[in-house]
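For reference, the structure is listed below as structure tokens.
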Amino acid sequence: MGASRLVGRDAEMAVLDKALADAAEHGGALLVTGAAGIGKTSLLDAVTTDARNRGYKVLAVTGLESEADLPYAGLHQLLQPVVPSAGALPGPQKNALLTALGMRAGAPPEVFLVGLATLSLLDEVANERPLVVVADDFQWLDRATSSVLSFVARRLESTHILLVIGLRETSQTALRSPQLPEIYVEPLSDTASADLLVSVAPDLDIQTRRLILDEALGNPLALLELPRALRLQGTDGREGALRSIPLTDRLERTFSAQAGQLPRLTQAALLLIALDKDPTVGEVLGATSKQTRSALDQAATAGQRRSAHLAFADVIADPDRRAWHRAKAVLGEDEGAAADLEITAARAQDRGAPATALGALELAASLTPHGSDRARRLLAAAELAFQLGDPPAVGRLLDSAASLELSPHDVARMTWLREIFHDGAPGDPNAIARLVGVAREAAAGGDRNLSLNLLQGAALRCWWADPGAAAKNLVIDAVEQIAGDVLDPRALEILALAAPVDAAARIATRVREAAQVDDPDPSRTQVLAFAAYAAGDRAESIELMDRAAPILRAQGRLGLLAQLLAVRAWAGINPGQLRDAIHSMEEANRLAIETRQPIWTAISKMGRAVLSGLQGEELTAEQLIAEATEPVASLGLSIV
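Okay, so the sequence shown: first residue is 762 according to my numbering, each after it adds one.
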């Protein structure tokens, strides 16, 4: 549909036309938001047609609720036409992308690396001619795909790619930000509504036309479908036929009425498709059938949905899809179904789909009859939610687990999760003492790994704000007893953070010894680097961070990279490496914001303020200082 055929949408199309024209010079992203049926898809169809008329390349994906649990299903649909071009990507990016798409076996890819590979692939495609990427019904895309597209949306300025996203207004997404332009699609005006209704139903009498206009309230989908509903239901359009139900139910009734004209076997097949859609079916059935399937899904009774899920569970060979369908057919609690979902979650993590794993664990927890097992699954889900940067989910899951009977190990794990969730924010010495006590209990129970994680949280509190000598000594004594003389990077970091002056020389020597060990894990190298930095050994810390940074970047470990770049920039200020420090600090700030790490955001902004001051930009420095200190002022951070 061309722009000229969209009644009452001149303003929206003007914005989209300008974005299309700008794509020849620079890339960008646009959100098209609004209520269900308001015309978002029509606008996206129009921009797709206009883009092709300009000679642009177009890639498109449409989210469906039935695919929301299938990791990277949307990305597979979007990139399928250009996957052959992935051969030109750097090795790590190519491997990550093909693994995510299920086309290659390998180590589980990080979402950040899949996003980087997707951006590189799209940029390669756009080298020949501008590229328009259209993502409709974004709210129904699987979370892995939506994370990748969110990543891409923030990095298009230097490309020739325009990303246009259709999103329902009630959907919550990290995409929404002041930096991303948004077109909010309003209801049609009275005049435009009347024009549209006349164009689709010119023979309506005046009374029926007025009734439909009053009921549609400017919703284009209602204006298009309600006249058809009148004909399908054999009603004359009198007031009582339409006013007994709200608008959204009327639209569902419209599509259900259309489906009601189909044979029963076809209706059953459409319901099955709505609950478990094959990616190729939508291309065959088209948009209207998609709406009909959606209406059937919404209108189906609980018994009908359960029967459909049971039918799938009986015949599907794939264990993960079978586990999902079996779980959705459960009435009440079922440990067997919950255990299968827990295995599905583990496989999703191995595939690099933590969002899918989170959904599986949450559903598994809801089906779990025993409190201890439910708590364990809730805590595992909370850890995944933290990795995904979803604070509301972390808090909700931890609160749910806290209401259950927890084992001592689960209590310790919850303490650690609450600590990392709050970014290691400082508190009174009693809070540090509690962390140390739980760490000792974990060590006594044989979980040295959890014990050191807890002590890291306590040590960070000592680093961010001085809690006094007694609290620091508690941390130091505990780590020396638990870790002994082993050159564990975490133990060295804990000592360095808790006693940066008293233990500086000893820590620096041990860090250099530990650095001689060839460790493939860049996160351990980063921990060593932070220990060296806290102990005052800037040269060793810079060398270690420069060793870890490219590996973290290649693996897409975004949260750790934000922290490392911030510390690397601070370490570079003293030697006068301002150019490198500025670059690192700017990237650290952006990544810290994206990964929702408020203290690291403040640290990087304060670093940018120092660098601005050194360059004589006093006003910029003052503004950055205010931005850095205001959000964390109540925490009393001595480091800021």
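Backbone N, C-alpha and C fix where the C-beta goes; we use that ideal spot for every residue, glycine too.
Looking at the DSSP output, LEU792 bridges to ILE926 and GLU943. The three-state reading of DSSP puts THR969 in helix, counting H, G and I together. Taken atom to atom, the span from the alpha-carbon of VAL1328 to that of PRO845 is near 40 Å.
Closest in alpha carbon position to LEU1253, among LEU777, ASP1227, ARG1285 and GLU826, is ARG1285. Per DSSP, the beta bridge partners of THR823 are ASP897.
Residue environment: GLN854 is assigned as buried (16 or more neighbouring CB atoms within 10 Å of its CB, all protein chains considered). As computed with DSSP, LEU892 is found in a beta bridge with LYS818 and ILE922. ILE926 places its beta carbon less than 8 Å from that of LEU792. ASP1189 carries a coil assignment under DSSP once its states are collapsed to helix, strand and coil. LEU1139 and THR1362 have their C-alpha atoms some 28 Å from each other. Between GLU1103 and ALA1074, the C-beta gap is not smaller than 8 Å, which leaves the two residues out of contact.
Exclusion of the five residues before and after ARG770 leaves GLY800 and LEU804 as the residues of its chain whose Cβ lies within less than 7 Å of its Cβ. The C-alpha of ALA1332 lies about 24 Å from the C-alpha of LEU1380.
Of all alpha-carbon atoms in ARG1357, ASN1350 and PRO1359, the one lying nearest the alpha-carbon of ALA1370 is that of ASN1350. Around the beta carbon of ARG1201, a 10 Å sphere encloses 16 or more other beta carbons of the protein chains shown; the residue is thus reported as buried. Secondary structure at ILE1268: helix, using DSSP grouped into helix, strand and coil. A check of alpha carbon separations from ASP1227 across GLY1120, LEU1258 and THR1390 identifies LEU1258 as the nearest.
Each residue's CA atom was taken as its position, placing ARG1157 and ALA866 some 35 Å apart. If you ignore the 5 residues before and after PRO942, its C-beta comes within less than 6 Å of the C-beta of LEU791, all in its own chain and listed in chain order.
Short of 7 Å from the beta carbon of ALA1342, and not among the five residues preceding or following it, lie these beta carbons of its own chain, in chain order: ALA1330, GLY1333, ILE1334 and LEU1372. Apart from sequence neighbours up to five positions away, the residues of its chain that approach ALA1143 with a beta-carbon distance below 6 Å are VAL1155, LEU1158, LEU1159 and LEU1178, ordered along the chain. Here the C-alpha atom of ALA1310 lies approximately 29 Å from the C-alpha atom of ILE1237. ALA1231 is not a Cβ neighbour of LEU1196, given a cutoff of 8 Å.
The stretch 940-960 makes no contact with the stretch 824-834: fewer than 3 CB pairs, one atom from each, lie closer than 8 Å. In the DSSP assignment, ILE1364 falls within the alpha helix (DSSP H) that extends over 1359-1375. One alpha carbon belongs to ARG929, the other to ALA821, and they sit about 17 Å apart. Taking the Cβ atoms as the reference, GLY788 lies roughly 42 Å from GLU976, outside the contact range of under 8 Å. Within its own chain, the residues whose Cβ lies closer than 7 Å to the Cβ of GLY1120, once the five positions on either side in sequence are excluded, are ASP830, listed in chain order. Around the Cβ of VAL1272, a 10 Å sphere holds 16 or more other Cβ atoms; the residue is buried. Exclusion of the five residues before and after TYR945 leaves THR794 and GLY795 as the residues of its chain whose Cβ lies within less than 7 Å of its Cβ.
Counting along the chain, VAL1240 sits inside the alpha helix (DSSP H) bounded by residues 1230-1244.
With respect to the 8 Å criterion, HIS1170 and ASP1134 are not classified as neighbours on the basis of their beta carbons. For SER1284, the three-state secondary structure derived from DSSP is helix. Judged by DSSP secondary structure, ASP964 falls outside any alpha helix (DSSP H); it is assigned neither H nor E.
The beta carbons of THR1356 and LEU1305 sit about 21 Å from each other, so the pair does not count as a contact at 8 Å.
Secondary structure of GLN1065 (DSSP, three-state): helix.
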